[in-house]
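Reviewing the structure listed below.
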């Protein structure tokens with residue numbers, strides 16, 4: 002069918018070509034094209050525009066060849082959309098520093114590709130050159146490997162320190178000084194995982210027993226104190242996602258069943274607020290629930306965006322959703338429903354004045370861009386060499 | 002559409018399930034299933050059956066994660082077809098030893114995946130365990146990297162020596178002793194490339210100036226003599242493919258334009274025979290030409306099989322073909338034309354009594370199996386995790 | 026599935042196991058709970074794997090000090106597990122009996138739900154170094170006792 | 005490439021189907037409430053053939069099918085499709101000793117079994133029979149119940165190839181996890 | 005995954021089209037013989053807009069299109085689609101100093117130019133705008149005329165990312181290749 006369609010269009014083309022070829026007088030009086038330089042390599046602005054995203058394709062079918070694409074979603078063609086890429090090997094995770102113009106990628110190498118000695122490395126990428134400008138090697142490989150996360154590689158303390166989550170299955174966080182690019186500490190987080198920035202110089206982790214554990218660090222990365230919250234959810238019966246959106250120092254954690262837990266992360270210790278419903282009674286009856294991988298993100302205007310699906314059940318929590326719902330967090334109010342073209346698996350929302358929502362469409366692994374204010378579908382980003390772009394990150398800028 | 006079709010079939014399923022659920026009496030009086038062992042790993046026969054092929058997927062979009070699948074083409078379902086796989090990193094090449102039950106893979110690693118120190122390695126895979134049983138490391142990385150080949154990793158001398166082709170762009174052949182798994186020599190082949198087994202203990206290479214260069218080796222891999230043939234083709238105007246099929250010591254090299262050059266490789270020096278036409282006058286008028294990547298292979302009955310396409314032109318030589326033509330080499334006679342379902346890019350032919358032709362269909366990257374005697378289409382091998390299975394190898398057995 | 030499975034059992038009236046009493050010991054239930062909450066990392070026979078500590082023929086060593094006894098409850102795998110207090114006590118007792126071997130004295134005092142419930146309220150923040158420290162203390166105490174003997 | 009296309013379409017279709025399957029089933033007035041938890045295809049298939057009832061342990065269905073009973077909480081490539089089996093690894097890989105555990109109901113005997121989902125490691129993604137069922141799956145902070153983590157831990161290589169589903173026990177009849 | 009599907013279908017379609025295009029063109033009695041070697045689309049597009057003729061060097065067409073004139077002998081991913089341009093590498097890659105050379109005819113001035121196809125290296129396959137034209141391509145033993153080889157030689161990394169097409173000279177008028 003495609004083939005046939007194509008033949009037809011070729012026939013049309015041929016007709017117009019006859020015209021073209023007879024009409025065209027090539028101008029041989031033009032001076033010849035100049036000799037061009039070899040060896041030229043492009044670079045990017047040190048601060049990426051709001052419309053740019055980092056698209057993390059862990060390449061589920063070829064994990065030794067994971068990729069992060071830098072994508073300009075304001076452009077129309079793939080050639081204009083793709084600004085560059087870098088590799089992140091074996092289910093890596095990334096974080097960004099606005100201030101330093103750096104992207105941090107936790108990745109894993111084996112001396113023989115898929116076998117041999119394992120080495121865990123944090124690679125520091127320069128945002129302007131997309132070249133590696135440094136690396137930090139784990140003394141013993143132990144970094145967390147799994148579906149891509151947003152809070153497994155987390156800069157804190159005005160980007161002086163970088164936290165990288167470990168899992169062996171013992172859990173800990175490696176702390177890196179971003180000035181010296183050295184590991185300064187490793188803090189155990191027994192029974193708890195991930196690193197959500199908390200206070201001036203700390204982080205919180207979600208625990209198996211339904212608590213949050215907050216860790217306060219000193220300027221040099223040494224441990225000041227760890228504090229466990231009260232139990233606020235049951236990870237068997239009412240689990241919350243490890244994915245969250247930060248709005249003015251509060252992290253919004255959605256639950257499997259459609260509530261959201263606001264956690265104030267501005268103090269030294271995470272303060273869990275009262276959960277509220279994302280769904281109405283009628284929607285709950287239709288089993289509307291949150292779902293996806295990178296299923297929630299925030300804009301700069303107090304809104305968070307979350308992927309929702311109907312007919313939710315045990316087992317649908319990672320599958321994504323047919324709609325994106327937008328909530329004014331402070332008002333606990335839904336302000337917009339975006340009907341996706343097909344389905345969404347992960348999303349990210351751009352910073353700046355005009356929030357744009359980028360969504361992974363898992364049926365063809367394309368990305369779809371929606372206006373975060375009107376919900377209007379704008380364009381797709383596709384055919385950019387992606388395999389499984391399962392985590393999207395808005396670009397940060399000052 | 003697909004989606005709709007699916008719903009329909011689900012409706013049917015539901016209907017039959019009602020029947021099933023009411024008819025089914027689960028038997029709780031059965032003894033419980035036994036506890037099963039963990040840690041069990043499968044193995045394969047040391048000699049693969051005729052119906053098995055090695056499918057080399059260089060993963061053109063993820064070359065750090067190239068794969069070779071062991072495929073049983075006699076089976077119906079993918080679960081039965083796939084016997085195992087191993088990785089071959091960065092446009093590798095493989096060879097096999099019947100006698101040793103080994104597969105040799107020339108591959109390349111970098112200390113940081115896609116960057117850092119380069120290391121060229123020959124990995125020796127055990128055919129029964131599909132585990133690596135040894136490796137040979139190049140003192141200076143220089144192995145040939147490109148579209149996969151059949152004669153870049155070549156065992157000779159009853160599999161006592163292994164030849165691996167290098168390209169920096171200076172050309173040479175590294176010689177490995179397969180008993181000691183050590184590099185015993187490197188022989189320069191200036192202006193010539195590849196290693197086609199020649200005589201008892203030697204090889205020939207194709208040269209840019211339209212000659213063959215034959216290299217004779219001593220038992221220890223040291224060089225005895227190199228001999229250049231007369232010019233027998235023009236690589237500008239009448240190039241031959243570097244792909245060839247061996248039948249009883251004669252290598253048949255097809256030309257771009259549809260002739261075939263028989264080269265007797267049984268003596269110490271390659272002897273080029275008189276070329277003959279693969280195409281009739283009428284076919285030549287329709288520009289029927291050979292084309293593809295692994296475009297030619299032989300069976301055990303004196304036949305070679307070659308991918309052919311009509312409307313050939315400069316630029317179509319690597320694109321494959323719509324038909325496979327089968328020739329009785331000694332008689333210079335075409336014995337069969339196989340019309341492919343869609344298109345073929347590479348092929349391989351099984352050894353043994355009943356030759357079977359496996360062809361890469363580039364439109365969906367599936368493999369299609371044809372009866373080499375009748376030309377009948379038998380089945381497809383698909384959905385086996387492949388990306389670009391561009392080179393196929395028949396399995397050898399004694 | 027699990028959820029639906031439960032409905033199924035309801036439907037057949039198969040909910041047979043009564044709530045766990047204070048000091049009950051049901052080895053079958055304990056083994057099941059061990060499997061569901063611990064075995065993934067600690068292996069079927071408690072030998073552990075790579076970074077996961079060995080319990081087999083060793084776990085009883087911790088009972089030789091009070092801090093060690095508390096340690097077995099306060100480690101994250103126990104303290105933060107999804108098991109109820111009584112279930113957790115039962116699993117710990119089962120681990121000691123089934124895996125402990127010679128490291129457990131035959132007259133060891135079994136954990137109770139009450140004890141476990143109190144201890145697990147303060148899960149450890151740091152495990153590895155504390156474990157080493159505990160074992161060193163236990164070792165030196167043991168040597169001291171032996172020298173007294 | 006078709007296979008990817010198919011797999012991912014299938015994945016979202018499956019989700020849709022499962023939802024709607026549940027939806028439809030509910031309307032059947034609870035008749036199938038129990039059966040809904042049972043993989044439908046194998047059941048239907050097994051019933052199609054008349055059965056002598058040997059008093060030996062029994063399983064039904066196709067172990068290379070995502071709907072096979074043991075895979076109720078799996079997320080990954082089925083080793084059955086990769087040169088391994090439901091409970092063994094493909095040649096040349098290593099089974100991870102560290103894993104996570106679920107329970108699934110065997111439709112042949114109505115029992116719930118404890119299933120250990122051991123990953124096979126040391127070669128890259130098998131890429132075949134991607135199966136995501138996620139029933140009972142919890143986020144990674146509940147590590148004993150998560151399939152979102154790379155469980156190639158304690159193996160020589162951390163590279164994930166495929167997943168097995170091994171019967172390691174019979175579940176207690178308390179509708180337990 | 006659609007993009008792979010598309011790319012590969014496109015690849016075989018392109019082959020088919022090129023063949024048939026040539027076939028059809030021949031029937032036009034040689035009128036278009038010269039033009040047949042010229043990418044048709046850019047020409048047609050350029051003509052559509054009326055042109056003032058500045059006496060400056062000129063190119064026509066879309067450099068992210070496989071039919072762009074410089075790509076007559078290319079085989080690989082177009083750097084123009086990967087964050088680079090027709091003659092420069094994407095950020096963070098390294099241009100190979102060792103390469104192969106072809107000639108292509110610039111439809112704007114009718115001249116044949118010497119084109120250097122330098123690969124960009126050090127990151128894995130860009131994966132975008134796969135373009136295989138192979139005109140004048142020879143097997144690897146003719147290394148000065150082959151695009152089947154990984155030309156990431158003499159670079160820090162041997163990993164191929166994408167291909168550029170750089171004007172390095174004007175060809176002698178002998179219809180050379």
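Residue numbers (our numbering), protein chains in the order written: chain B, 2 to 399; chain D, 2 to 399; chain S, 26 to 174; chain A, 5 to 181; chain H, 5 to 181.
Beta carbons are placed, not taken as given, at the ideal position from N, Cα and C, and that holds for glycine.
Small disclaimer: the values here were computed from a predicted structure and weren't measured.
For residue j and residue i, the rounded distance between their alpha carbons
| i | j | result |
| --- | --- | --- |
| residue 389(D) | residue 62(B) | 13 Å |
| residue 253(B) | residue 83(A) | 38 Å |
| residue 103(B) | residue 80(S) | 44 Å |
| residue 155(S) | residue 99(S) | 11 Å |
| residue 92(D) | residue 111(D) | 13 Å |
| residue 44(A) | residue 381(D) | In this predicted model, residue 44(A) has a pLDDT of only 29, less than 50, meaning its place in the structure is not dependable; the value taken from the coordinates is given anyway. Rounded to the nearest angstrom, the two C-alpha atoms are 27 Å apart. |
| residue 333(B) | residue 249(B) | 15 Å |
| residue 23(D) | residue 112(A) | Confidence at residue 23(D) is low in this model, with a pLDDT of 39, below 50, so its placement is unreliable and no value can be given for it. |
| residue 152(B) | residue 318(D) | 50 Å |
| residue 163(S) | residue 169(S) | 10 Å |
| residue 50(S) | residue 115(S) | 6 Å |
| residue 272(D) | residue 208(D) | 15 Å |
| residue 52(S) | residue 64(S) | 15 Å |
| residue 287(B) | residue 160(B) | 44 Å |
| residue 40(B) | residue 87(H) | 15 Å |
| residue 327(D) | residue 192(D) | 32 Å |
Close Cβ partners of residue i (< 6 Å) along its chain, the five nearest in sequence each way excluded
| i | result |
| --- | --- |
| residue 240(D) | 257 |
| residue 387(B) | 58 and 366 |
First through last residue of the alpha helix (DSSP H) which encompasses residue i
| i | result |
| --- | --- |
| residue 140(S) | 138 to 144 |
| residue 52(S) | 52 to 62 |
| residue 379(D) | First-last for residue 379(D): 378 to 382, but that is the beta strand (DSSP E), not the alpha helix (DSSP H). |
| residue 110(S) | 110 to 124 |
| residue 282(B) | 282 to 286 |
Nonlocal neighbours in the same chain, by C-beta distance under 7 Å from residue i, ignoring five residues either side
| i | result |
| --- | --- |
| residue 129(B) | 44, 45, 46, 47 and 102 |
| residue 146(D) | 91, 92 and 109 |
| residue 349(B) | 54, 295, 298, 359, 393, 394 and 395 |
| residue 133(B) | 124, 125 and 126 |
| residue 68(S) | 74 |
| residue 158(H) | 100, 101 and 102 |
| residue 247(B) | 299 |
| residue 372(B) | 357 and 379 |
Where the beta strand (DSSP E) through residue i begins and ends
| i | result |
| --- | --- |
| residue 85(D) | 83 to 88 |
| residue 97(S) | Premise fails: residue 97(S) lies in the alpha helix (DSSP H), 91 to 99, not in any beta strand (DSSP E). |
| residue 256(B) | Per DSSP, residue 256(B) belongs to no beta strand (DSSP E) and is neither H nor E. |
| residue 357(D) | 357 to 362 |
| residue 267(D) | Element bounds for residue 267(D): n/a, residue is neither H nor E. |
| residue 125(A) | 123 to 125 |
Distance between beta carbons of residue j and residue i, contact taken as under 8 Å
| i | j | result |
| --- | --- | --- |
| residue 24(S) | residue 97(S) | There is no way to answer for residue 24(S), as the model of chain S reaches only from 26 to 174. |
| residue 202(B) | residue 220(B) | 7 Å |
| residue 102(A) | residue 118(A) | At roughly 16 Å, the Cβ-Cβ gap does not stay under 8 Å, so residue 102(A) and residue 118(A) are not in contact. |
### Task
Entirely within the segment 170 to 202 of chain B and at least 4 residues each: give me those alpha helix (DSSP H) ranges in chain order.
Secondary structure in the segment 170 to 202 of chain B: no alpha helix (DSSP H) run of 4 residues or longer lies completely within the stretch.
### Task
May I have a chain-ordered list of the alpha helix (DSSP H) segments no shorter than 4 residues that lie completely inside the segment 104 to 147 of chain D?
With a minimum length of 4 residues, no continuous alpha helix (DSSP H) run stays inside the segment 104 to 147 of chain D.
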